[in-house]
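Report on one structure; see the data block that follows.
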Amino acid sequence: MTNQATYQAKIISCGATTPLGETAEISFAKLQSSMVAPERFMVDEDNSLLINKISDEILINLPEKIQELGMHPKYQRMLKIAAMAFYDNAQKIRIETPTPLFLGLPDEESIAAKEEQATLIPWLNKLTGNLIDTQQSKILPFGRASGLMALHEGVNHLNQFDVPFVLVGAVDSYQDIRLLNYLYEERIAYSPDNHDGMIPSEGAVFIAISKQGPDSKPSVLDIQSSDKQEQPNDQFAEMIKQMLPIDGVEINCLYPPFNGEDKWIFEWGQCMSEIREILAPETPVQVPAFLIGDMGSAFSLFSLCYAADSIENGFTYGATIICTGSDGPLRSCAIVA
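The structure is reproduced here in structure tokens:
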């Protein structure tokens, strides 16, 4: 049985701020040309790890009131990055009325961190000229999977309400001394004595999605999410089987959930063994995290935007599947064409 090739949403604009550049265009161009230079973070006198970070010199200044309220430095940094990426996206569309925003964020455990997350959209709204409908907006704190989860919420909102478009975003940063030390000690981050780790990075991505748009703009054909506690390693294969095949659509590129940690190799290998009848094993694979690093919550939405840009500009033909997963059981997949 085949699904009909009807799109759920058009991606009409994208903005991003990453270690590669202040805008989506600069980031995508440098990624295409592999112009990436990680820095070395010294954990102590003898040990170090590689990181990718945005230059402090290009980040905006926040109002003194935010600092007076005692917002954690990590969330201050995330707010700066998010405001820049939001502005990059807003320049490409006309936001005439406050618009709902679905924002992917890190999965935090502490009450204090959750409280700070709840203030990000209101503060972002103030910093960007009150362009966000804060009442209809929603944060989705699901870690690395939160970008596609935010997209899922945005698509659902488009289907339920008569709005011209909605905003979807994600932001994260690993550039916090305590967090970097933890990633080193737990052998999660890449270091001279751990080559199976990820490169801690940071960034923000914002897109506008609509029910209608120019034919040249890529579309989200399908998006699936799964939070199966039992047998979580089967989730990618099950979601892809539900989405494919699509009538008239050929999958010509894959973005697996790799971020540098070897745990994803086993899970993706199991997925490929189960879908080999519907997806050619020679299908090209893209792994942006190997160059730009692990952008945490912004990772999956950045991958989707990069895939969409590659399709729109003719670097990739056909459709692309983007897969991502949180450190827990949550998994998500999307098809862009």
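Counting from 1, position 169 in the sequence shown corresponds to residue 817 in the working numbering; the numbering is continuous, with no gaps.
Note that the Cβ used here is the ideal one computed from N, Cα and C, for glycine as well.
Residue range of the unbroken alpha helix (DSSP H) whose run includes residue i
| i | result |
| --- | --- |
| Arg725 | 721-738 |
| Gly802 | 794-808 |
| Leu749 | From DSSP, Leu749 is part of no alpha helix (DSSP H) but of the beta strand (DSSP E) over 749-752. |
| Leu668 | That residue, Leu668, is in no alpha helix (DSSP H); it is neither H nor E in DSSP. |
| Ile825 | 825-833 |
Beta-bridge partners of residue i, as assigned by DSSP
| i | result |
| --- | --- |
| Pro905 | In DSSP, Pro905 forms no bridge with anything. |
| Gly973 | Arg979 |
| Gln872 | Cys981 |
| Val819 | Ala852 |
| Met683 | Met683 is not bridged to any residue. |
| Ser703 | Per DSSP, none; premise fails for Ser703. |
| Ile780 | Thr747 |
For residue j and residue i, the rounded distance between their alpha carbons
| i | j | result |
| --- | --- | --- |
| Gly752 | Gly966 | 27 angstroms |
| Glu898 | Glu764 | 43 angstroms |
| Asn804 | Gln872 | 12 angstroms |
| Gly817 | Trp912 | 24 angstroms |
| Gly663 | Glu834 | 33 angstroms |
| Ser867 | Thr968 | 11 angstroms |
| Ile990 | Ala985 | Look at the range of the chain in this structure, 649 to 985, and you will see that residue 990 is not part of it. |
| Gly777 | Thr666 | 22 angstroms |
| Gln823 | Tyr735 | 22 angstroms |
| Glu756 | Ser821 | 13 angstroms |
| Val933 | Met920 | 12 angstroms |
| Ala956 | Trp916 | 22 angstroms |
| Leu707 | Lys728 | 6 angstroms |
| Asp910 | Met891 | 26 angstroms |
| Lys701 | Ala738 | 23 angstroms |
| Leu949 | Val853 | 7 angstroms |
| Asp1062 | Arg725 | Absent from the model: residue 1062. The displayed extent of the chain is 649 to 985, so no value can be given. |
| Ile855 | Val684 | 24 angstroms |
Opening and closing residue of the beta strand (DSSP E) in which residue i lies
| i | result |
| --- | --- |
| Val1022 | Because the chain here runs from 649 to 985, residue 1022 falls outside it and cannot be looked at. |
| Arg688 | 687-690 |
| Ile787 | 786-788 |
| Ser661 | 657-665 |
| Phe676 | Run containing Phe676: none in the beta strand (DSSP E); it sits in the alpha helix (DSSP H), 672-680. |
| Leu710 | Per DSSP, Leu710 belongs to no beta strand (DSSP E) and is neither H nor E. |
| Leu768 | Leu768 -> not in any beta strand (DSSP E); alpha helix (DSSP H) instead, spanning 759-775. |
| Leu698 | 696-699 |
Outcome for residue i when other beta-carbon atoms lying within 10 angstroms are tallied against a minimum of 16
| i | result |
| --- | --- |
| Met649 | Legend: pLDDT at Met649 = 48, less than 50; position of this residue unreliable, value from coordinates given subsequently. Exposed is the call here. |
| Lys713 | exposed |
| Ser682 | exposed |
| Asn907 | buried |
| Gln883 | buried |
| Met846 | buried |
| Leu864 | Before going further, note that residue 864 is Ser rather than Leu in the sequence given. Answer is exposed; the Cβ neighbour count stays below 16. |
| Thr747 | buried |
| request: Just list the beta strand (DSSP E) runs in the region 881-962, keeping only unbroken ones of 3 residues or longer that don't cross its boundaries, in chain order. | output: 899-903
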